[in-house]
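Chemist: Chains as they are written, first to last, in UniProt numbering: chain V, 1 to 145; chain D, 1 to 145; chain G, 1 to 145.
After the structure tokens below, expect a handful of questions from me.
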Amino acid sequence: MGQLDLDNPVFVSYVFYSAILALKMLLMGPITGYYRITKKVFANPEDAAKFNAKEVKMNDADVERVRRAHQNDLENIPVFWMVALLFVLTGPSETTARYVFRIYTIARIQHTVMYLRSNGMRGIAFGVALALKFFMVATVIYTFW
Amino acid sequence: MGQLDLDNPVFVSYVFYSAILALKMLLMGPITGYYRITKKVFANPEDAAKFNAKEVKMNDADVERVRRAHQNDLENIPVFWMVALLFVLTGPSETTARYVFRIYTIARIQHTVMYLRSNGMRGIAFGVALALKFFMVATVIYTFW
Amino acid sequence: MGQLDLDNPVFVSYVFYSAILALKMLLMGPITGYYRITKKVFANPEDAAKFNAKEVKMNDADVERVRRAHQNDLENIPVFWMVALLFVLTGPSETTARYVFRIYTIARIQHTVMYLRSNGMRGIAFGVALALKFFMVATVIYTFW
Chain V
1 MGQLDLDNPV FVSYVFYSAI LALKMLLMGP ITGYYRITKK VFANPEDAAK
51 FNAKEVKMND ADVERVRRAH QNDLENIPVF WMVALLFVLT GPSETTARYV
101 FRIYTIARIQ HTVMYLRSNG MRGIAFGVAL ALKFFMVATV IYTFW
Chain D
1 MGQLDLDNPV FVSYVFYSAI LALKMLLMGP ITGYYRITKK VFANPEDAAK
51 FNAKEVKMND ADVERVRRAH QNDLENIPVF WMVALLFVLT GPSETTARYV
101 FRIYTIARIQ HTVMYLRSNG MRGIAFGVAL ALKFFMVATV IYTFW
Chain G
1 MGQLDLDNPV FVSYVFYSAI LALKMLLMGP ITGYYRITKK VFANPEDAAK
51 FNAKEVKMND ADVERVRRAH QNDLENIPVF WMVALLFVLT GPSETTARYV
101 FRIYTIARIQ HTVMYLRSNG MRGIAFGVAL ALKFFMVATV IYTFW
């Protein structure tokens with residue numbers, strides 16, 4: 001079975017792609033902040049006052065779009081971190097694991113890019129990433145049943 | 001103390017119930033999608049256009065209910081994954097750990113079912129799950145203080 | 001390299017501060033519930049009926065403020081748990097790791113306190129915590145590239 005140890009190349013692959021996904025997620029906060037400040041769209045009166053915005057505004061289309069993309073990350077990437085860690089424990093081949101993690105990471109980055117560009121094909125990226133999570137969780141439940 | 005190793009039956013129990021909870025969470029996205037498509041309720045203009053909905057709509061009662069149930073999962077299940085992992089490290093008895101993880105999992109599944117059925121008793125399921133997280137985190141902080 | 005083992009003092013430090021952050025997050029749900037019940041502000045008709053509120057209400061300023069603080073935790077603390085775990089694997093010095101984890105934890109607690117008090121300086125706490133996450137993820141990606 002797979003071990004959570006740096007001697008295990010599957011675990012090292014998990015570590016690397018998990019870090020890339022974390023970096024991607026960390027950028028969503030600053031992107032939201034950039035839109036809020038340049039468009040003067042704030043959710044809190046104290047923020048509006050600081051940046052000389054007249055009032056709080058909850059429904060700016062650009063800010064809400066970034067927030068939905070961020071929310072979609074929150075709904076997906078922490079689940080990936082857990083499910084992929086459990087998948088490492090099932091002892092998959094190095095090749096399988098690396099491709100699953102790599103394609104997942106590319107799909108989620110692509111999802112964000114397409115979301116911010118209003119590309120309606122982002123559903124494909126979402127679906128690929130979701131299918132990989134279902135594949136991993138099914139492997140885990142089958143292994144440890 | 002407990003080890004994060006498949007030789008440790010407490011860790012194996014953690015792996016199994018964490019996977020069940022991940023599977024439960026993964027279903028929330030498709031359920032939301034099902035309501036969005038059948039009721040033609042979309043948050044993005046590009047999605048509305050693709051499915052021939054006239055406009056975006058943010059306040060559909062059914063879609064918002066699924067989203068609140070999903071949000072409640074996001075507020076609870078990743079915290080469980082962390083807290084329960086740390087709890088494994090405190091070396092609990094196999095019986096205690098398995099019951100805590102099992103009851104937690106049942107309570108969270110029950111919470112979702114009751115939320116989607118507008119059952120006002122979902123607060124009991126929420127409270128049981130919350131109490132188990134407090135119990136585990138208290139054990140961890142007491143052990144590692 | 002660092003091991004995920006209680007013999008590793010860096011990992012023990014990770015466990016302790018992760019538990020403190022989990023406890024902090026766990027309190028957000030009950031705080032939201034306290035505001036909902038005392039102010040009779042409910043998102044679900046079945047909850048409003050149970051507590052004799054006339055109707056659901058989605059825009060109460062106090063409830064929404066707690067929910068934004070909670071949401072900010074969801075956007076940050078699970079990412080910390082992952083990134084800090086990977087950072088442990090890079091084998092940082094015990095002193096560095098302990099300070100990073102401790103300052104992060106203090107910054108996030110301070111963020112919540114300032115958010116609930118409408119203190120516009122919460123951005124500093126947010127920024128310190130974000131910078132520490134970027135530092136850790138950069139270390140991880142540099143190490144495992």
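We put the beta carbon where it would ideally sit given N, CA and C, even for glycine.
Note that the structure is a prediction, hence the values are computed from the model and not measured.
Assign K133/D to buried or exposed, taking buried as 16 or more other Cβ atoms, counted over all protein chains shown, within 10 Å of its Cβ.
Modeler: buried
Chemist: Give me the chain G residues within the contact set of V79/D, using Cβ-Cβ distance strictly less than 7 angstroms, ordered along the chain.
Modeler: A22, M25 and L26
Chemist: Looking at C-alpha atoms only, which residue of R117/D, F126/D and S118/D is the closest neighbour of R104/D?
Modeler: What sits at residue 104/D in the sequence shown is Tyr, not Arg. Of the candidates R117/D, F126/D and S118/D, the one whose C-alpha sits nearest the C-alpha of Y104/D is F126/D.
Chemist: Near L4/D, what residues of its chain come up, given a Cβ to Cβ distance below 8 angstroms and the 5 sequence neighbours on each side ignored?
Modeler: F11, L85, V88 and L89
Chemist: Please compile the residues from chain D whose C-beta is within a distance smaller than 8 angstroms of the C-beta of K50/G.
Modeler: Near K50/G (Cβ distances below 8 angstroms), the residues of chain D are G120.
Chemist: Check T112/D in the structure and name its three-state DSSP category.
Modeler: helix
Chemist: Would L85/V pass as an interface residue toward chain G - the criterion being a Cβ-Cβ separation below 7 angstroms?
Modeler: No, L85/V does not count as interfacial toward chain G.
Chemist: Please classify R117/D as buried or exposed, where buried requires at least 16 other C-beta atoms within 10 Å of its C-beta.
Modeler: R117/D should be labelled exposed.
Chemist: When Cβ atoms are compared, which residues of the segment 37-48 of chain V fall closer than 9 angstroms to chain G?
Modeler: A43, N44, P45, E46 and D47
Chemist: Can you tell me whether DSSP reads F135/D as helix, strand or coil?
Modeler: helix
Chemist: With a CB to CB cut of under 7 angstroms and the five nearest residues on each side skipped, what residues in its chain are close to I77/G?
Modeler: L21, M25 and R108
Chemist: Which of the three DSSP states, helix, strand or coil, is assigned to V12/V?
Modeler: DSSP places V12/V in helix when its eight states are reduced to three.
Chemist: Which of the three DSSP states, helix, strand or coil, is assigned to K40/V?
Modeler: coil
Chemist: Considering only the alpha carbon of each residue, which of G91/V, Y34/V and T96/V lies closest to R67/V?
Modeler: Of the candidates G91/V, Y34/V and T96/V, the one whose C-alpha sits nearest the C-alpha of R67/V is Y34/V.
Chemist: Closest to V83/D by CA distance: which of M114/D, A19/D and V137/D is it?
Modeler: V137/D
Chemist: Drop a sphere of 10 angstroms on the beta-carbon of F51/D, count the other beta-carbons inside from all chains shown, and report buried for 16 or more, exposed for fewer.
Modeler: exposed
Chemist: With a 10 Å radius around its C-beta and 16 neighbouring C-beta atoms as the bar for buried, classify V94/V as buried or exposed.
Modeler: Looking at the sequence itself, residue 94/V is Glu, so the reference to Val does not match. An exposed status is given to E94/V, since fewer than 16 other beta-carbon atoms sit within 10 Å of its beta-carbon.
Chemist: Give a yes or no on whether 7 angstroms exceeds the smallest Cβ distance from L132/V to chain D.
Modeler: Answer no: the Cβ-Cβ gap between L132/V and chain D never drops below 7 angstroms.
Chemist: Once the 5 residues before and after F101/D are set aside, which same chain residues still bring their CB inside 7 angstroms of it?
Modeler: S13, Y14, Y17 and A84
Chemist: 7 angstroms is my cut-off, CB to CB: does V15/D come that close to chain V?
Modeler: yes
Chemist: Once the 5 residues before and after Y115/V are set aside, which same chain residues still bring their CB inside 8 angstroms of it?
Modeler: R65, R68, A69, N72 and R122
Chemist: Please identify the residue among T112/D, Y142/D and D47/D whose C-alpha is closest to the C-alpha of P129/D.
Modeler: Rather than Pro, the amino acid found at residue 129/D in this sequence is Ala. Nearest option by C-alpha distance: T112/D.
Chemist: Using beta-carbon positions only, say whether G29/D and E46/G come within less than 7 angstroms of one another.
Modeler: no
Chemist: Using a Cβ cut-off of 7 angstroms (strictly closer), state whether I31/D contacts chain G.
Modeler: no
Chemist: Where do the N-terminal and C-terminal ends of the alpha helix (DSSP H) with R65/V fall, by residue?
Modeler: Boundaries of the alpha helix (DSSP H) around R65/V: A61 to L89.
Chemist: Within the same chain, show all residues whose beta-carbon is closer than 7 angstroms to that of E55/D, passing over the 5 residues directly before and after it, in chain order.
Modeler: Same-chain partners within the cutoff: A48.
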